[in-house]
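Residues -20 to -1, 1 to 201 in mature numbering (1 follows the signal peptide of the UniProt record, and there is no 0) are what the sequence shown lists, from first letter to last.
Reviewing the structure listed below.
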Amino acid sequence: IKIKIISLLSFWLTAYLTLWCHIKCLVQNPGFLSESECCEQNSGEHDANVSRCTKCNLPKIRRAHHCSACGRCVIKMDHHCLWINGCVGMYNQKFFILLNFYALLTCCTCSFIILYKIVTCVKSHPNFKSSVCVLTKMDFFLIIVNTIGSLMFGMFTFVMLVDQFCAIRTNTTGIEVLKNVKGQTKPLRESLLEVFGHPFSYLWFLPVNANGTQDRLAKIK
């Protein structure tokens, strides 16, 4: 009974956090470039020396890339994601990482619940004659759908997490990899601080806005 309660609580908790992270990814500004931010980073340079984006005509700043789908320049753009209907950039990368992390945990929890049910039935009732282990066609269908879904989304989110970790470790976004541009080498701790906004704490695991937006913008390199 304890395992059942813990499994159900874990599933609903991770599912809730996944939904919360997804909503944050949908509504959070990924890092759309504004005139004020351009002026701030390019301060001290003569207008004639500042290059402009050929598509949106905003002054270019370090590590800003134009997204053809969004129609705007995005600071530290990684890629345009269909799952969040927008870009992954400087200001929502944390939420995107957490979205994949909690989605992976939800898939793992779902798989564990199904596996636990099967193992329990096999151990307690080898012939599956107990009413607890008798499954209808709909039960079989739901188990198959859940198993396939958990495996597919689990593998997908795991790959995305590895991709994001590599991007942080190398300080190079997805779009920069495609453009064969390498970010400046810096310690992993510094890169993580830039993404999550503050030193390691429980806040890293909550989809709340990172602190020091302007400081993070000033430290882009």
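We put the CB at the ideal spot given by N, CA and C, even for glycine.
Only a predicted model underlies this, so the values are computations on that prediction, with no experimental measurement involved.
### Message
What does the Cβ neighbour count give for Y(-5), buried or exposed, with the cut at 16 atoms within 10 Å?
### Response
With fewer than 16 other Cβ atoms within 10 Å, it is exposed.
### Task
May I ask you to report which of helix, strand or coil DSSP gives I55?
I55: strand per DSSP, three-state reduction.
### Message
Just to confirm the assignment, what range does the beta strand (DSSP E) spanning V68 have?
### Response
Note, V68: beta strand (DSSP E), 66 to 68.
### Task
If I'm right that T153 touches M57 with Cβ under 8 Å, what's the distance once you round it to whole angstroms?
Confirmed, about 6 Å.
### Query
Just the Cα atoms here: how many angstroms apart are residue 202 and K103?
Absent from the structure is residue 202, since the part of the chain shown begins at -20 and ends at 201.
### Message
From the DSSP secondary-structure annotation, give me the bridge partner or partners of F12.
### Response
The secondary-structure analysis by DSSP pairs F12 across a beta bridge with V54.
### Query
For R32, which residues does DSSP report across the bridge?
Paired residues: P39.
### Task
Could you say if the stretch 166 to 186 and the stretch 115 to 129 meet the contact criterion of at least three C-beta pairs nearer than 8 Å?
Contact between the stretch 166 to 186 and the stretch 115 to 129 is not established, with fewer than three Cβ pairs separated by less than 8 Å.
### Local conformation of L(-13) per DSSP, three classes
Residue state, collapsed to three classes: helix.
### Query
If we call anything under 7 Å between Cβ atoms a contact, is C146 one with L78?
For the 7 Å CB-CB criterion, C146 and L78 do not form a contact.
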